[in-house]
Amino acid sequence: LAKTTQPISMDSYEGQEVNITCSHNNIATNDYITWYQQFPSQGPRFIIQGYKTKVTNEVASLFIPADRKSSTLSLPRVSLSDTAVYYCLVGDGASGGYQKVTFGTGTKLQVIP
Amino acid sequence: GAGVSQTPSNKVTEKGKYVELRCDPISGHTALYWYRQSLGQGPEFLIYFQGTGAADDSGLPNDRFFAVRPEGSVSTLKIQRTERGDSAVYLCASSLAGGPPHEQFFGPGTRLTVL
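Those protein sequence lines, which keep their order, are chains P and B.
Take the first sequence: its position 67, counted from the start at 1, is 70 in this note's numbering, and no numbers get skipped.
Take the second sequence: its position 99, counted from the start at 1, is 618 in this note's numbering, and no numbers get skipped.
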């Protein structure tokens, strides 16, 4: 499993765009990049996943450069409700079904009014 | 639709006691996972079921921990002779076979406190 490194914490004001970068230098060819969000007293929630280039959904965008050694989760115009811990995971997506995933300590995002 | 549910939401027990934690996965999800999360840390993998069988139990810390899923749906995590170090939030997740890789649906967790 590729190791990931992300900032421990970030602060942002409401209405700003937030970018959280994750490093995964040892990413393998079959690995996908997945981000989860966790609010206090709740389980993590899957928010976005990608393999290369850019992926966008209703919650966030995920930017992956050509070498795939890093990825950036972008949250547009954050609100107070986006205050949470964000986890970057990397794992084999080729086998389908089960993949053992490893959560690091994540990035604690604090949105300030 | 109904998500993953876990019961109880909180469990307080004394050192040395036995506890059972229950997980009801999303209907139709064949894969089920248990994690443990300590304060300030990310979830730590414990065990994975595909159907009724434990396909990967490499994360169970020792033989005091055991999990079952007899009918391929509900799962129970069992902890014998609890220790204070077992205090944590125990999370259950389920996923759909053939779904997007790593998309797991988590329950709210059971907070276990061992006094």
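Using N, Cα and C, we set each Cβ at its ideal position, and we do this for glycine too.
Please return the same chain residues whose Cβ sits closer than 6 Å to the Cβ of GLY107(P), not counting the five positions on each side in sequence. THR7.
For PRO562(B), go through chain P and note every residue whose CB falls closer than 7 Å to its CB, in chain order. Within chain P, the C-beta atoms nearer than 7 Å to that of PRO562(B) come from PRO47, PHE106, in chain order.
Just grab the DSSP bridge partners of ALA514(B) for me. Since the displayed chain B opens at 520 and closes at 634, residue 514(B) lies outside it and no answer follows.
From the DSSP output, which residues share a beta bridge with THR526(B)? Looking at the DSSP assignment, THR526(B) forms a beta bridge with ARG541(B).
Exposed or buried, which one is LEU631(B) when buried takes at least 16 other CB atoms within 10 Å? Burial is judged here by how many other beta carbons sit within 10 angstroms of a residue's own beta carbon; LEU631(B) has at least 16 and is buried.
In whole angstroms, what separates the C-alpha of HIS621(B) from that of VAL58(P)? 16 Å
Count the CB pairs spanning the region 68-82 of chain P and the region 20-36 of chain P that are closer than 8 Å, and state whether there are at least three. yes
Whose C-beta lies closer than 6 Å to the C-beta of ARG541(B) among residues of the same chain, with five residues either side of it excluded? Short of 6 Å from the beta carbon of ARG541(B), and not among the five residues preceding or following it, lie these beta carbons of its own chain, in chain order: THR526, THR595.
Residues sharing a beta bridge with ALA550(B), DSSP: GLN569(B), SER614(B)
Helix, strand or coil at ASP582(B) according to DSSP, with G and I counted as helix: coil
Can you pull the chain B neighbours of GLY53(P), defined as C-beta to C-beta under 8 Å? Residues of chain B with a Cβ closer than 8 Å to the Cβ of GLY53(P) do not exist; the shortest Cβ-Cβ separation is about 10 Å.
Output the distance between the C-alpha atoms of TYR16(P) and TRP553(B), rounded to the nearest integer angstrom. 35 Å
Can you look up SER26(P) in the DSSP assignment and give me helix, strand or coil? strand
Around the C-beta of ASP14(P), are 16 or more other C-beta atoms found within 10 angstroms, so that it is buried, or is it exposed? It is exposed - the Cβ of ASP14(P) has fewer than 16 other Cβ atoms within 10 Å.
Closest to PHE625(B) by C-alpha separation, out of ASP543(B), VAL538(B), SER557(B), LYS536(B), would be which residue? Of the candidates ASP543(B), VAL538(B), SER557(B), LYS536(B), the one whose C-alpha sits nearest the C-alpha of PHE625(B) is ASP543(B).
Please report how far the alpha carbon of SER613(B) lies from the alpha carbon of TYR35(P), in whole angstroms. SER613(B) and TYR35(P): Cα-Cα distance of roughly 19 Å.
CB contact check: VAL35(P) to chain B, cutoff 8 Å: Just to set this straight, residue 35(P) is Tyr in the shown sequence, not Val. True, the Cβ-Cβ gap to chain B drops below 8 Å.
N- and C-terminal bounds of the beta strand (DSSP E) containing ILE11(P): Looking at the DSSP string, ILE11(P) is not in any beta strand (DSSP E), and its letter there is neither H nor E.
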